[in-house]
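Enquirer: Once you've had a glance at the structure underneath, I'll fire off some questions.
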């Protein structure tokens with residue numbers, strides 16, 4: 001697994017060596033960015049393939065010292081919350097290989113992070129106190145329709161993450177997800193709103 005670090009995260013990780021990306025499959029790449037939202041430091045953990053976003057606050061200093069392990073545990077915990085079994089999560093981590101901290105995974109992935117940061121500014125609820133995983137903010141961000149790097153159609157990051165897990169063969173294929181073909185939608189609805 002590759003954990004990409006933006007400049008803001010690299011500045012915080014002074015003691016950790018940042019490597020070049022080795023070109024891992026984007027589904028196993030998570031880019032991270034640290035910014036202030038509503039006066040609190042928020043760490044965004046964004047999958048480079050599907051733009052699934054995890055928002056974390058109140059990261060303790062010791063977690064920065066063991067950054068790769070911390071991020072892996074966060075992803076593991078969120079996958080549990082999503083309903084994946086221990087076996088499915090272990091399979092994902094086994095397929096992802098050794099965890100390394102790298103530079104980010106391209107302009108489109110960084111653009112996705114920037115979009116999530118911008119969207120978070122419009123989140124109209126307070127960030128939860130005394131909790132690290134900002135569930136409501138994460139859910140809000142994962143309902144943003146996008147076309148991330150790993151897909152040629154638009155969809156919600158939460159649905160696209162599930163599709164990636166299915167494509168890997170970790171989870172059984174479900175009914176088709178809510179993937180929206182905007183060109184077809186516009187063509188089908190042309191003239192109906194006049």
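In the UniProt record's numbering, the protein residues as written are 1 to 194. Think of the CB as a built atom: it goes at the ideal place given N, C-alpha and C, for glycine as much as any other residue.
Anyone know if the C-beta pair for residue 3 and residue 101 falls short of 9 Å?
Expert: Yes, these two residues count as a Cβ contact at 9 Å.
Enquirer: Compare the C-alpha of residue 31 against each of 14, 54, 12 and name the closest.
Expert: With distances taken between Cα atoms, residue 31 lies closest to 54.
Enquirer: Distance, Cα to Cα, residue 111 vs residue 173?
Expert: Straight-line Cα distance between these residues: approximately 29 Å.
Enquirer: Can you give me the Cβ contacts of residue 74 inside the same chain, cut-off strictly under 7 Å, excluding the 5 residues immediately before and after it?
Expert: Counting only Cβ-Cβ distances below 7 Å, and skipping sequence neighbours, we find 45, 54, 56.
Enquirer: So, helix, strand or coil for residue 20, using DSSP?
Expert: In this structure, residue 20 counts as coil in the three-state DSSP scheme.
Enquirer: Might you give, ordered along the chain, the residues of its own chain that have their beta carbon closer than 7 Å to the beta carbon of residue 10, omitting 5 neighbours on each side?
Expert: Correct list, in chain order: 18.
Enquirer: Given this structure, state the Cα-to-Cα distance separating residue 70 from residue 97, to the nearest angstrom.
Expert: Residue 70 and residue 97: Cα-Cα distance of roughly 16 Å.
Enquirer: Taking the straight line between their C-alpha atoms, what separation do you get for residue 169 and residue 82?
Expert: Spanning the two alpha carbons is a distance of roughly 17 Å.
Enquirer: Is the region 152 to 166 touching the region 32 to 51, taking contact as three or more C-beta pairs under 8 Å?
Expert: Flag = yes, the region 152 to 166 and the region 32 to 51 touch.
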